[in-house]
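Counting from 12, one number per residue, gives the positions in the sequence shown under my numbering. For every residue, glycine included, the Cβ atom is placed at its ideal position computed from N, Cα and C.
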Amino acid sequence: MATLARLNTTNFQFQRLADGGQEKRLIDDLQRYFAGEATSFEHVKVDLSPHGLTSFQLAVLNQVKGIPCGLLKSYRQVAEAAGSPRGARAVGQAIGRNPVPIVIPCHRVINAGGGLGGFTGGVDKKKILLRIEGFQPEQFSKTFV
């Protein structure tokens, strides 16, 4: 729980989600996740409507929400799946508007060449999340270490 609290207070912002009934399950899932268990958040319903996202940004976040634990996708792969094959940079911008990191696992999107890319909470947080999911530093470019 200390890890969860520390990460939460250093740029991971969790907001009230679609309905209050799922909060306990979400907290339990987050605790398991930070304990290193492969955890799916697909059951969590996130209301993205109040965030002023474009249809492309919504498509991107919906694609990213479907990336399972243990799998990474490139910005280009997400762009293609969201209907804009040349929109890799726009994917990065859309991911930057993600209101619920971890639940919508934008940390699982990396550069096509294997580099980490960016992360709203900082690349150090992205490294932490990827390590929790079992990825090792040698799987990425030198910037991972």
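Own chain partners of residue i with C-beta closer than 7 Å, once the 5 adjacent residues on each side are dropped
i	result
residue 108	62, 64 and 68
Nearest to residue i (by Cα), restricted to the options the options
i	options	result
residue 146	131, 73 and 125	125
residue 87	79, 75, 81 and 80	75
residue 79	131, 137, 119 and 127	119
residue 106	140, 90 and 144	90
residue 144	116, 134 and 77	116
Residue i (DSSP reduced to helix, strand or coil)
i	result
residue 56	coil
residue 17	Because the pLDDT at residue 17 is just 41, under 50, the model does not fix this residue reliably, and the point stays unresolved.
residue 150	helix
Where residue i falls, given that 16 or more other Cβ within 10 Å makes a residue buried
i	result
residue 21	Annotation note: pLDDT 46 at residue 21 (below 50); position unreliable, coordinate value reported separately. Answer is exposed; the Cβ neighbour count stays below 16.
residue 82	exposed
residue 96	exposed
residue 53	exposed
Own chain residues within Cβ distance below 6 Å of residue i, not counting five before or after
i	result
residue 44	50
residue 25	Low confidence applies here, because residue 25 scores a pLDDT of 46, under 50, leaving its location unreliable; read the following figure in that light. Correct list: empty, nothing qualifies.
residue 93	70, 71 and 74
residue 150	none
residue 128	121 and 122
residue 99	86, 87 and 90
Close beta carbons around residue i, own chain, < 8 Å, minus the five adjacent residues each side
i	result
residue 28	In this predicted model, residue 28 has a pLDDT of only 48, less than 50, meaning its place in the structure is not dependable; the value taken from the coordinates is given anyway. Same-chain partners within the cutoff: 34, 37, 55, 56, 57, 58, 111 and 114.
Inter-residue spacing [alpha-carbon to alpha-carbon] between residue i and residue j
i	j	result
residue 40	residue 47	11 Å
residue 66	residue 121	22 Å
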